[in-house]
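According to UniProt numbering, the sequence shown is numbered sequentially starting from 1.
Step one of this worksheet: look at the structure below.
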Amino acid sequence: MSGRNASDELRVLCSPGPLFLQPLWDGLRAREALLQSPFFPAVFSIGTYLGCCLPFVLLDALCPWVPALRRYKIHPDFAPSARQLLPCLAQTLCQHAVFVFPVTLLDWARGPAPVPPEAPELPQLARHVGCCLLLFDAEFFAWHVLHHRVPWLYRTFHKVHHQNAASFALATQYMSVWELFSLGFFHLLNVTLLECHPLTVLVFHVLNIWLSVEDHSGYDFPWSTHRLVPFGCYGGVEHHDLHHSQFNCNFAPYFTHWDKLLGTFRSPHAK
1 MSGRNASDEL
11 RVLCSPGPLF
21 LQPLWDGLRA
31 REALLQSPFF
41 PAVFSIGTYL
51 GCCLPFVLLD
61 ALCPWVPALR
71 RYKIHPDFAP
81 SARQLLPCLA
91 QTLCQHAVFV
101 FPVTLLDWAR
111 GPAPVPPEAP
121 ELPQLARHVG
131 CCLLLFDAEF
141 FAWHVLHHRV
151 PWLYRTFHKV
161 HHQNAASFAL
171 ATQYMSVWEL
181 FSLGFFHLLN
191 VTLLECHPLT
201 VLVFHVLNIW
211 LSVEDHSGYD
221 FPWSTHRLVP
231 FGCYGGVEHH
241 DLHHSQFNCN
251 FAPYFTHWDK
261 LLGTFRSPHA
271 K
């Protein structure tokens, strides 16, 4: 009997289908009351964001005492001050409390969304997350170019995000309410169009936040995402930092194909 149980467990771990993710999904479903809480979306969003920012905030604090870290900073002599960090943190918390939570509360008031008993298959989850990232990248590219090319849009909505010339992790969501809701709308639109499983939605949200924070972190490590994606398809932190310093290039948040196709790509390594 024990041999059969061990065989079943091995089949669960090796299967790419629903069985692989089922234990994780069952664990989340056991906390269904938490998932269905009106507070969960806002708390999960801000918790994910701050959790992604925290490692880079700690690295910035350690940099003066660990000079070896500076080799991975794209601006070795820059460290965000408390005067820069605190307004970014305060604005993010305020926007989630004043704007994000009421919106999620209205959505909760419509009634609980159905929770499927089965987890998604692993290939399906990976495919949907990849498609969501590509769609988000295209949508934000178009939004971003428009808000740079139309002076009124830039001054009114996007300029606030460019107030910090050298970016750092907590500056990722230092943006206007319009920009915050635009990004949230793209996120919601994509998972709705693809009819993503709730677990896929959570995974996409965490990955999207992490990639965005990484692009603003100011650190370029050997294991940074752009070094793991071949053929220069993914821009990375130096790619996005160039946008913050020159304004007229590298508008896509993650991938490089739209900028290359439309002539707005600039390599950080070009002479």
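Here a beta-carbon is modelled for each residue, glycine too, at the ideal position from N, C-alpha and C.
Everything numeric in this text was worked out from a predicted model, so none of it was measured.
- Item | Nearest-angstrom beta carbon gap, L24 and A119 [assumed within contact, 8 Å] | The residue given as residue 119 occupies position 119 in the sequence shown. The residue given as residue 24 occupies position 24 in the sequence shown. Yes, A119 and L24 are in contact; Cβ-Cβ is about 7 Å, under 8 Å.
- Contact under 8 Å by Cβ, D137 with A252: The count along the sequence shown starts at 1 and reaches residue 137 at position 137. The count along the sequence shown starts at 1 and reaches residue 252 at position 252. Contact: yes.
- Task: Would you kindly work out how many angstroms separate the C-alpha atoms of L188 and P198, rounded to a whole number?
- Result: For the purposes of this step, residue 188 is identified with residue 188 of the sequence shown, where counting begins at 1. For the purposes of this step, residue 198 is identified with residue 198 of the sequence shown, where counting begins at 1. So the alpha carbons of these two residues sit roughly 12 Å apart.
- Query: Do the CB positions of D259 and N248 come within less than 8 Å of each other?
  - Reply: On the sequence shown, residue 259 is found 259 positions in, with the first residue counted as 1. On the sequence shown, residue 248 is found 248 positions in, with the first residue counted as 1. Contact flag unset, no.
- Meets three-Cβ-pair contact criterion under 8 Å: the segment 261–268 and the segment 147–155: Result no; under three Cβ-Cβ pairs closer than 8 Å.
- Item | Y174 beta carbon less than 8 Å from that of C88 | What you label residue 88 is simply residue 88 of the sequence shown in a count that begins at 1. What you label residue 174 is simply residue 174 of the sequence shown in a count that begins at 1. Going by C-beta atoms, C88 is nearer than 8 Å to Y174.
- Query: Going by other Cβ atoms of all chains shown within 10 Å of its Cβ, with 16 needed for buried, is Q36 buried or exposed?
  - Reply: For the purposes of this step, residue 36 is taken as residue 36 along the sequence shown, with counting starting at 1. It counts as exposed.
- Query: Count the other CB atoms within 10 Å of the CB of L193; is the residue buried (16 or more) or exposed (fewer)?
  - Reply: For the purposes of this step, residue 193 is taken as residue 193 along the sequence shown, with counting starting at 1. With a threshold of 16 other beta carbon atoms within 10 Å, L193 falls short and is exposed.
- To the nearest angstrom, report how far apart L180 and H96 are at their CA atoms. Within the sequence shown, the letter at position 180 stands for residue 180. Within the sequence shown, the letter at position 96 stands for residue 96. About 10 Å.
- So D77 is in the alpha helix (DSSP H); what residue range does that whole segment cover? Looking up residue 77 in the sequence shown gives position 77. First-last for D77: undefined, no H or E at that position.
- Item | Alpha-carbon to alpha-carbon, V115 and V201 | Taking the first residue of the sequence shown as 1, we reach residue 201 at position 201. Taking the first residue of the sequence shown as 1, we reach residue 115 at position 115. One alpha carbon belongs to V201, the other to V115, and they sit about 12 Å apart.
- Message: With a threshold of 6 Å on Cβ separation, who are the neighbours of T104 within its own chain once the five nearest residues in sequence on each side are excluded?
- Response: Locating residue 104 in the sequence shown gives position 104, where the first residue counts as 1. Closer than 6 Å at Cβ, skipping near neighbours: P41, A42.
- Inspect the beta-carbon positions of residue 327 and E238 and report whether they are closer than 8 Å. Nothing in the structure corresponds to residue 327, since the chain is present only between 1 and 271.
- Quick one: Cα of R127 to Cα of L146, how far? Reading the sequence shown from its first residue, position 127 is the one you call residue 127. Reading the sequence shown from its first residue, position 146 is the one you call residue 146. Straight-line Cα distance between these residues: approximately 29 Å.
- Task: For the alpha helix (DSSP H) containing N208, list its first residue and its last residue.
- Result: Locating residue 208 in the sequence shown gives position 208, where the first residue counts as 1. Element bounds for N208: 198–216.
- Message: Considering only the alpha carbon of each residue, which of F185, A33, G51 lies closest to P112?
- Response: Position 112 of the sequence shown holds residue 112. That would be A33, whose Cα lies nearest to the Cα of P112.
- Query: Can you give the Cα-Cα distance for G51 and W108, rounded to whole angstroms?
  - Reply: The residue labelled residue 51 in the question sits at position 51 within the sequence shown. The residue labelled residue 108 in the question sits at position 108 within the sequence shown. If you take the alpha carbons of G51 and W108, they lie about 25 Å apart.
- Alpha-carbon to alpha-carbon, V203 and D8: Within the sequence shown, numbered from 1, the residue matching residue 8 stands at position 8. Within the sequence shown, numbered from 1, the residue matching residue 203 stands at position 203. Residue placement at D8 cannot be trusted, given a pLDDT of 48 that sits under 50; the coordinates are not used to answer.
- Message: Report the start-end ranges of each alpha helix (DSSP H) in the segment 131–208 that is 4 residues or longer and not cut off at the edges.
- Response: Within the segment 131–208, the runs of alpha helix (DSSP H) at least 4 residues long that lie entirely inside it are, in chain order, 177–193.
- Just reading off the alpha helix (DSSP H) that H240 is part of, what are its end residues? Against the sequence shown, residue 240 aligns to sequence position 240. Here the alpha helix (DSSP H) through H240 covers 237–246.
- In chain order, what residues of the same chain lie with their CB nearer than 8 Å to the CB of L85, ignoring the 5 residues before and after it? Your numbering for residue 85 matches position 85 in the sequence shown. Cβ within range, chain order: V57, F168, L170.
- On a CA-only basis, which of Q163, P80, A68, F39 is nearest H243? Give me that one, please. Within the sequence shown, residue 243 is the residue found at index 243, counting from 1. For the set Q163, P80, A68, F39, the Cα lying nearest the Cα of H243 is the one of Q163.
- Message: Please list the terminal residues of the continuous alpha helix (DSSP H) segment that includes H226.
- Response: Working through the sequence shown from its first residue, we reach residue 226 at position 226. Segment 225–228, the alpha helix (DSSP H) holding H226.
- Query: Looking only at its own chain, which residues have a Cβ that is under 8 Å from the Cβ of V213, when we skip the five neighbours before and after it?
  - Reply: Reading the sequence shown from its first residue, position 213 is the one you call residue 213. For V213, same chain residues with a beta-carbon under 8 Å away, outside a window of 5 residues either side, are Y49, C52, C53, F56, A169, T172 in chain order.
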